[in-house]
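> Numbering (our numbering), first residue to last: 2 to 834.
Cβ atoms here follow ideal geometry from the backbone N, Cα and C, with glycine treated the same way.
It should be emphasised that the depicted structure is a prediction, and the values quoted were computed from it without experimental measurement.
The structure's right below; bear with me while I get my questions together.
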């Protein structure tokens, strides 16, 4: 007994010292002993294996076979290598397989036989060999994919071959390859495993072959791989936090997911996706797949580049066809010449325009066809171009037609180079013979029109003077007579004369104003004015006028409208007058309302006024809204012919408004009176103008004058007026004001009187025989620098401030002159009370 125990201890120490695993079992297949190497190979602690069946260390799939082998061995024990040295499988405590080399021996112990197994773990070697073999096979697959792609670069079969290889090496049953669009928001599916489950999914799957099936869920796992440009491993499938978790109804569940971006030259161009592998996807598998995914990216990029190249080639061919068609059908002449002026090429237009065929021009010196007078200039320009100097972009010259006549060409000369890098001259020219003729005719016509326009303006200026001069006498004298006591019949007749003259004056003023506006010769008189007073007085006058025509007239001026401003008072009054008088004329037995308010200005230091004139008249058809602002334009309606007017008022309003940085709008039917007068059509005119802001001190207060104003101390006044009627008028008007008046008929007499006697004020008519008003003023001013000089004008245009000051004049008045206005001016300039 003691001898057996001693041998057992000896065996145990002997086994522990061996570099291989030693395991002892009995004939029943139970483990008696094992050394540390065995325990380390199988992953067990000390004493965990003693007494356990050998089946614990054998994979379940081969346990039955192993039991029969154990039974057979103990029937005839011998020392040998199991399975002749082949690698056998074992099972680790953690459940994974091991690869083992096992040698067998036996010993007799008492009446029993024990088997002794020497065990070597060759798992790492086997796995390394398998990995090498796997990589060798993978490289072979990659090589075949590249060959297939090069053999048929347009075949879509390569996508499915790549997908098949990718799924084989990831041990995955599901997957797809998707190509990223230019917007990086959509995948075009190039290959996919068939997991269709209904008609919709089968229809979608059929679109893959046509290249129309897409994925666009960028909140998915494949979207995460695309967004980050990095592989995504999700061994919990759609339960992963990076996934939206949603799949189409009927789609197979995704338990595991692997998405690898296919990156080419730093840009993600596609993605390869695998799913539902039996084993978890690992970072190690990514390393193994790197060569494959690199090759797949290269193939995908190559296909994209080829596709782009084909498209570019088609586009280039199409552009070439279009260019050739454009050149061959161009009406312009395009010629290519060498530096000796020999014609190398010309477009077919050459024959159509100049009569030459290509054969006629071949080898010809093009300079010989240029007109002799133009030839030196053209050759000089060509020399400058060849020397690198700038030449004009358009060159005009005459070119000889085949029939001997000359055509006028306008061409662009450019230096270029052919394929052999030889310089050549390219000329693109067009025939402008007819255009030159039309331009010359047009310039002649424009010159004639300008001459006619100037003549018309001179005529209008003369007409203004010739009509205003007698009108001044008519209106002035009737105004004086109306101040006298007379019977009612004579008073009525005088009022008719005065009213008719006033109408004629307004018509003349409108006509002259329109002429000046049309020729852009009208200038605004910017002077301090009492804005509210001008508006109120103008509108109050029309209240009386409206009652005469059986109209109801209302107006309101907002408190926001300032009292003072700087602008052209006459033009403002004229625009308001034209709009209101139109409303009164056309709103038969109707209602007119005028509202004036301040609106936001468009320029600093300015006031913008909105003047709305609304009436309940017959309205203006929409198609006439633009026409009514044209010169001499009127709305043509039945009954309108009896309404006086020539169609100048609205034209003048629009032109003056634009000069005041404003505008005028028309709206018909009326929007402002619609609720009050629903049965009427009506019209709204809204005028907007801008005037400059004014300090309070810039506008003097205007005191009311009595009906017959007179000076307490008689001022001495010299008047130069050549018209006898106006002489009488001025003498009577000034005498009634208690002025001492001296009337002279011309400028020469005015100069003599002004230098021989002392006067408080001098009035000079501008247009007089001999010395005119300006010339006389200069002479008088040179002798007397203090006396105020007033210019009296009946011309179409107001003299400029510069012209007045240059002549030494103080200010000017326009005929007809009213007594009240004249009194104010004399009082202001002389200081007389």
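Terminal residues of the continuous beta strand (DSSP E) containing residue 418?
In the chain shown, counting from the first residue as 1, residue 418 sits at position 417. Per DSSP, residue 418 belongs to the beta strand (DSSP E) from 407-418.
> Sorted by chain position, which residues of the same chain lie with C-beta nearer than 6 Å to residue 191's C-beta, five sequence neighbours on each side aside?
For the purposes of this step, residue 191 is identified with residue 190 of the chain shown, where counting begins at 1. The residues are 160, 178 and 180.
> Give the range of the beta strand (DSSP E) segment to which residue 102 is assigned.
Here the question's residue 102 lines up with position 101 in the chain shown. Segment 98-110, the beta strand (DSSP E) holding residue 102.
> How many Å lie between residue 354 and residue 436 at the Cα?
What you label residue 354 is simply residue 353 of the chain shown in a count that begins at 1. What you label residue 436 is simply residue 435 of the chain shown in a count that begins at 1. So the two alpha carbons sit approximately 14 Å from each other.
> Using a 10 Å radius around the Cβ and a threshold of 16 neighbouring Cβ atoms, would you call residue 813 buried or exposed?
Against the chain shown, residue 813 aligns to sequence position 812. Buried, because 16 or more other Cβ atoms sit within 10 Å of the Cβ of residue 813.
> Which residues in the same chain as residue 818 place their Cβ atom closer than 6 Å to its Cβ, once the five residues preceding and following it in sequence are excluded?
Position 817 of the chain shown, counted from the start, is the residue given in the question as residue 818. Nothing listed; no residue qualifies.
> From 231, 674, 219 and 272, pick the residue whose C-alpha is nearest to that of residue 246; which is it?
What you label residue 246 is simply residue 245 of the chain shown in a count that begins at 1. Nearest of 231, 674, 219 and 272 to residue 246, Cα basis: 219.
> Just checking, does the region 118-127 make contact with the region 169-177 on the three C-beta pairs under 8 Å criterion?
Short answer: they don't touch.
> Of the choices 396, 268 and 648, whose alpha-carbon is the least far from that of residue 634?
Counted from its first residue, the chain shown places residue 634 at position 633. The shortest Cα separation from residue 634 among 396, 268 and 648 belongs to 648.
> Anyone know if the C-beta pair for residue 228 and residue 235 falls short of 8 Å?
Your numbering for residue 228 matches position 227 in the chain shown. Your numbering for residue 235 matches position 234 in the chain shown. Taking 8 Å as the Cβ cut-off, residue 228 and residue 235 do not qualify as a contacting pair.
> Would you check if the distance between the CB atom of residue 582 and the CB atom of residue 683 is smaller than 8 Å?
Locating residue 582 in the chain shown gives position 581, where the first residue counts as 1. Locating residue 683 in the chain shown gives position 682, where the first residue counts as 1. Cβ atoms of residue 582 and residue 683: not closer than 8 Å.
> Whole angstroms are fine: how far does the CA of residue 410 sit from the CA of residue 444?
Reading the chain shown from its first residue, position 443 is the one you call residue 444. Reading the chain shown from its first residue, position 409 is the one you call residue 410. Roughly 20 Å separates the two Cα atoms.
> My assumption, with CB atoms under 8 Å, is that residue 1 sits in contact with residue 42. Please give the rounded CB distance.
Any property of residue 1 remains undetermined from this structure, which presents the chain solely from 2 to 834.
> Quick check: the Cα distance between residue 111 and residue 58, rounded to an integer number of angstroms?
Here residue 111 refers to the residue found at position 110 of the chain shown. Here residue 58 refers to the residue found at position 57 of the chain shown. Rounded to whole angstroms, residue 111 to residue 58 spans 27 Å at the Cα level.
> Could you check the C-alpha separation between residue 184 and residue 248 for me, to the nearest Å?
As a position in the chain shown, residue 184 is number 183, starting the count at 1. As a position in the chain shown, residue 248 is number 247, starting the count at 1. C-alpha separation (whole angstroms): 23 Å.
> Could you check whether the region 189-206 touches the region 290-298, counting it as contact only if at least three pairs of C-beta atoms, one from each stretch, sit closer than 8 Å?
No, the region 189-206 does not touch the region 290-298.
> Can you tell me whether residue 829 is buried or exposed, with buried defined as 16 or more other CB within 10 angstroms of its CB?
Mapped onto the chain shown, residue 829 falls at position 828. It counts as exposed.
> Is the region 50-65 in contact with the region 138-152, if contact means three or more CB pairs nearer than 8 Å?
Cβ pair count under 8 Å is below three, so no.
> Does DSSP classify residue 783 as helix, strand or coil?
As a first step, residue 783 must be located in the chain shown, where it is residue number 782. Helix at residue 783.
> Cα-Cα, which of 739, 803, 728 and 262 is closest to residue 746?
Your numbering for residue 746 matches position 745 in the chain shown. Residue 746 has its Cα closest to that of 728, out of 739, 803, 728 and 262.
> What span of residues does the alpha helix (DSSP H) with residue 429 cover, start to end?
Here residue 429 corresponds to residue number 428 of the chain shown, with the count starting at 1. Unbroken run through residue 429 is the beta strand (DSSP E), 424-432; no alpha helix (DSSP H).
> To the nearest angstrom, report how far apart residue 733 and residue 478 are at their CA atoms.
As a first step, residue 733 must be located in the chain shown, where it is residue number 732. As a first step, residue 478 must be located in the chain shown, where it is residue number 477. If I take the Cα positions, the gap works out to 8 Å.
> What residue range is occupied by the uninterrupted beta strand (DSSP E) comprising residue 599?
Taking the first residue of the chain shown as position 1, residue 599 is located at position 598. Taken as a continuous stretch (DSSP letters only), the beta strand (DSSP E) holding residue 599 covers 592-600.
> Write down the C-beta distance between residue 688 and residue 530 rounded to the nearest angstrom, noting that I regard them as a contact closer than 8 Å.
Locating residue 688 in the chain shown gives position 687, counting from the first residue. Locating residue 530 in the chain shown gives position 529, counting from the first residue. Actually they are not in contact, since the Cβ atoms of residue 688 and residue 530 sit about 17 Å apart, beyond 8 Å.
> Where residue 377 and residue 442 are concerned, what is the direct C-alpha to C-alpha distance, given to the nearest angstrom?
Counting from 1 along the chain shown, the entry for residue 377 is found at position 376. Counting from 1 along the chain shown, the entry for residue 442 is found at position 441. So the two alpha carbons sit approximately 29 Å from each other.
> If you measure between the beta carbons of residue 19 and residue 36, is that distance less than 8 Å?
As a working mapping, residue 19 is identified with position 18 in the chain shown. As a working mapping, residue 36 is identified with position 35 in the chain shown. The answer is yes: Cβ separation under 8 Å.
> Which term fits residue 15, buried or exposed, when burial requires 16 or more other beta carbons within 10 angstroms of its beta carbon?
Sequence index remark: in the chain shown, residue 15 carries index 14 (1-based). Residue 15 comes out exposed.
> What three-state label does DSSP hand residue 773 in the structure shown?
Within the chain shown, the letter at position 772 stands for residue 773. Correct three-state label for residue 773: coil.
> From which residue to which residue does the beta strand (DSSP E) around residue 35 run?
For the purposes of this step, residue 35 is identified with residue 34 of the chain shown, where counting begins at 1. That run of the beta strand (DSSP E) goes 32-35.
> Report the rounded CA-to-CA distance for residue 280 versus residue 28, giving the unit in angstroms.
Numbered from 1 along the chain shown, position 279 holds the residue referred to as residue 280. Numbered from 1 along the chain shown, position 27 holds the residue referred to as residue 28. C-alpha separation (whole angstroms): 38 Å.
> Under DSSP, the alpha helix (DSSP H) around residue 654 begins and ends at which residues?
Residue numbering aside, residue 654 sits at position 653 when the chain shown is read from its first letter. Its alpha helix (DSSP H) spans residues 650-660.
> Once the 5 residues before and after residue 715 are set aside, which same chain residues still bring their CB inside 7 Å of it?
In the chain shown, the residue the question calls residue 715 occupies position 714. Taken in chain order, the residues that qualify are 739, 740 and 741.
> Which residues does DSSP pair with residue 274 in a beta bridge?
Mapped onto the chain shown, residue 274 falls at position 273. DSSP lists 177 and 260 as partners of residue 274.
> Which whole-angstrom value is the C-beta distance of residue 588 and residue 565, which I expect to be below 8 Å?
Numbered from 1 along the chain shown, position 587 holds the residue referred to as residue 588. Numbered from 1 along the chain shown, position 564 holds the residue referred to as residue 565. Their Cβ separation, rounded to whole angstroms, is 33 Å, which puts residue 588 and residue 565 out of contact at 8 Å.
> Decide if residue 211 is buried, meaning its Cβ has at least 16 other Cβ atoms within 10 Å, or exposed.
Sequence index remark: in the chain shown, residue 211 carries index 210 (1-based). Residue 211 comes out exposed.
> Assign residue 19 to one of three DSSP states: helix, strand, or coil.
As a working note, residue 19 is residue 18 in the chain shown. Residue 19 falls in the coil class under three-state DSSP.
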